[in-house]
Structures are given as structure tokens and as C-alpha cells.
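Counting in the working numbering, the sequence shown tops out at residue 77, every number present.
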Amino acid sequence: MTTTVIERKWHTTAEVAQMLGYGLSKTKMLVLTGEIRSVKDGRNRRILPRWVDEYVERRACEAEAEWSA
9 MTTTVIERKW HTTAEVAQML GYGLSKTKML VLTGEIRSVK DGRNRRILPR WVDEYVERRA
69 CEAEAEWSA
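Here you go:
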């Protein structure tokens, strides 16, 4: 018998806050301002893993640009 592992397709705002090491308020603000993309699903916001990666990559590029300036 094989076991199938189901990977999460999206995350809640609280889960993303924990992944990034941010507070929930800061993460909600990043979502509301569009810094982190999200989709509204009923009363909740959902964030795709690649959108979290995009945010992290953008912040890393910004930091690198500051250091090279």
C-alpha cells in the first residue's frame, strides 16, 4: 500500500506570519497593502506558497540593492 502525502495548496495569514517570523498584524498589513499577494476566500484570505516566495525574493533583492549602493 502506498501513502499519498497531500501538500498544502495555500496558507492562512497566520501560517504565513509564522513562516516569516512576523507578527500577525504586520502580515495582515502586508497582505492589505499588496506587498504579499492573496486571494479572498469567503471571509478569509489565502496565500499561495509561491506568493510568499515572491515576497521573500523581492525583499532579498531590495536588501542586496541597498548593500551594493
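Quick reminder that beta carbons are idealized off the backbone N, C-alpha and C, glycines included.
Buried or exposed (CB count within 10 angstroms, at least 16 for buried), Leu32: exposed
First through last residue of the beta strand (DSSP E) which encompasses Arg16: From DSSP, Arg16 is part of no beta strand (DSSP E); its letter is neither H nor E.
Using only CA atoms, which one of Ala25, Thr10, Val13 lies nearest to Pro57? Ala25
Are the region 39 to 46 and the region 68 to 76 in contact at 8 Å, needing three or more beta carbon pairs? no
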